[in-house]
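Inspection log for the structure reproduced underneath, given as structure tokens.
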């Protein structure tokens, strides 16, 4: 793991969500579920350190919404290749230099049982057809890199102690990252 100061952050054109509202997102999910089944999403967990304390890179939209880089896979798309595609779309450079994303372990699985916001790290017993499966992957960063951040987002480095037990601020998935990452013994470069 490398220090945050090893990374450079530029900007690029805004990247907008496919849906204009949460209601529109679930309506699209409903329509797609009838055609292609369960939505598959992947998200990347990028870790840096500052003063030997791990920080997770998060995309911030507005003042209170945070998300991991990633998104929906295309039907039949491989998870790792799909995450590489999404990482390039979201944070990839625009100067033609290809970023070599190294996708490591899957560190978490989350399930959306219905066309509603709640997601769980398990499939509830009464659910036979979950509507979405989200996989979190650890992404190993190069020693130095340039990230091009869409203008409508900020890329923030959130320390694990801020995420821990802070579902009100970051939601249940991001706030569970300290526990998911605790099985790793980080080496600080």
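In UniProt numbering, the protein residues as written are 1 to 189. Virtual Cβ for every residue (Gly too), placed ideally from N, Cα, C.
Tell me which residues share the same chain as residue i and place their Cβ nearer than 8 Å to its Cβ, disregarding the 5 neighbours each side in the sequence.
{"i": "residue 69", "result": "43, 44, 46, 57, 59, 86, 87, 90, 91"}
{"i": "residue 41", "result": "70, 71, 72, 73, 132, 133, 134, 135"}
{"i": "residue 33", "result": "39, 115, 131"}
{"i": "residue 28", "result": "18, 19"}
Considering only C-alpha positions, which residue in the set the options is nearest to residue i?
{"i": "residue 115", "options": "17, 25, 9", "result": "25"}
{"i": "residue 48", "options": "171, 160, 179, 36", "result": "160"}
{"i": "residue 55", "options": "168, 167, 163", "result": "163"}
{"i": "residue 130", "options": "117, 153, 180", "result": "117"}
{"i": "residue 137", "options": "147, 175, 180", "result": "180"}
{"i": "residue 165", "options": "156, 157, 158, 175", "result": "175"}
{"i": "residue 172", "options": "16, 37, 30, 67", "result": "67"}
{"i": "residue 83", "options": "100, 94, 95", "result": "100"}
{"i": "residue 16", "options": "126, 184, 150", "result": "150"}
{"i": "residue 167", "options": "123, 143, 119", "result": "119"}
{"i": "residue 10", "options": "36, 155, 79, 22", "result": "155"}
Ends of the alpha helix (DSSP H) at residue i?
{"i": "residue 30", "result": "22 to 36"}
{"i": "residue 187", "result": "From DSSP, residue 187 is part of no alpha helix (DSSP H); its letter is neither H nor E."}
{"i": "residue 170", "result": "167 to 174"}
For residue i, list the residues DSSP reports as bridge partners.
{"i": "residue 8", "result": "146"}
{"i": "residue 3", "result": "49"}
Suppose the cutoff is 6 Å on Cβ atoms and the five residues either side in sequence are ignored; what does the same chain contact list for residue i look like?
{"i": "residue 132", "result": "39, 112"}
{"i": "residue 145", "result": "7"}
{"i": "residue 121", "result": "110"}
{"i": "residue 123", "result": "111, 130"}
Give me, in chain order, the residues of the same chain whose beta-carbon lies closer than 7 Å to that of residue i; leave out the 5 immediate sequence neighbours on both sides.
{"i": "residue 3", "result": "48, 49, 50"}
{"i": "residue 186", "result": "1, 54"}
{"i": "residue 170", "result": "66, 163"}
{"i": "residue 140", "result": "102, 104"}
| message | Please give me, in chain order, every unbroken run of the beta strand (DSSP E) with length at least 3 that falls completely inside the UniProt domain "Nudix hydrolase" (38 to 163). | response | 39 to 50, 53 to 61, 65 to 67, 70 to 72, 102 to 112, 132 to 140, 145 to 150, 154 to 159
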